[in-house]
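Residue numbers (my numbering): 28 to 148.
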C-alpha cells in the first residue's frame, strides 16, 4: 500500500501546485478545513480551482482564500448568501469564474471522481 502520510502540513501542501483543483469540505462555515486554507495562503498558491458546497462566508474560511487572490474558479452548488461579499465582489469584477452545479449533481461528480470515472454532467 502506498503511504500518503506527511509529517507536517507544509510537507503535505507542498505537493499542491498552482493551478490545482482542490475539494474543500464543510457546509457553510461548519467543518471547513482552516489549516488547509491557511496553509495554501501561506504557501502563496495561485490559480486554484475550488470544489465546495458554497463560495465562502464572511471573511474567513473559503472566503479568506478567495480574498487572498488564490482562486481562479469555484465549482459549487450555493455561491451566494447574505455574507458572501468576497465572492460577490470578485465575481462582479470578472476576477473569478463560477461553475454552478446542482447539489445532487455535485455529489455525483465528486463520487465519480473518487471512483476514477470520466465526466459526469
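By construction, the Cβ of each residue, glycine as well, lies at the ideal position given by its N, Cα and C atoms.
Just reading off the alpha helix (DSSP H) that residue 137 is part of, what are its end residues?
Within the chain shown, numbered from 1, the residue matching residue 137 stands at position 110. Run containing residue 137: 130 to 141, per the alpha helix (DSSP H) assignment.
How close, in whole Å, do the beta carbons of residue 101 and residue 125 come, if the pair is a contact with beta carbons under 8 Å?
In the chain shown, residue 101 corresponds to position 74, counting from 1. In the chain shown, residue 125 corresponds to position 98, counting from 1. Confirmed, Cβ separation roughly 6 Å.
In this structure, how does DSSP classify residue 37 when only helix, strand and coil are distinguished?
As a first step, residue 37 must be located in the chain shown, where it is residue number 10. Residue 37: helix per DSSP, three-state reduction.
Sort out for me which residues DSSP pairs residue 87 with in a bridge.
Position 60 of the chain shown, counted from the first residue, corresponds to residue 87. Answer is 84, bridged to residue 87.
When you compare only the Cα positions, how much space is there between residue 48 and residue 120?
Stepping through the chain shown from its first residue, residue 48 is reached at position 21. Stepping through the chain shown from its first residue, residue 120 is reached at position 93. Going by the C-alpha atoms only, they are around 22 Å apart.
According to the neighbour-count rule (16 or more other Cβ atoms, all chains shown, within 10 Å of its Cβ), is residue 64 buried or exposed?
Along the chain shown, read from residue 1 onward, the residue named residue 64 stands at position 37. Under this definition residue 64 is a buried residue.
Taking one C-beta from the segment 79 to 90 and one from the segment 107 to 122 each time, how about it: are there three or more such pairs within less than 8 Å?
Yes, the segment 79 to 90 is in contact with the segment 107 to 122.
Can you tell me the Cβ-Cβ gap for residue 66 and residue 59, rounded? I've got them flagged as a contact below 8 Å.
Here residue 66 is taken as the residue at index 39 of the chain shown, counted from 1. Here residue 59 is taken as the residue at index 32 of the chain shown, counted from 1. No, residue 66 and residue 59 are not in contact; Cβ-Cβ is about 13 Å, not under 8 Å.
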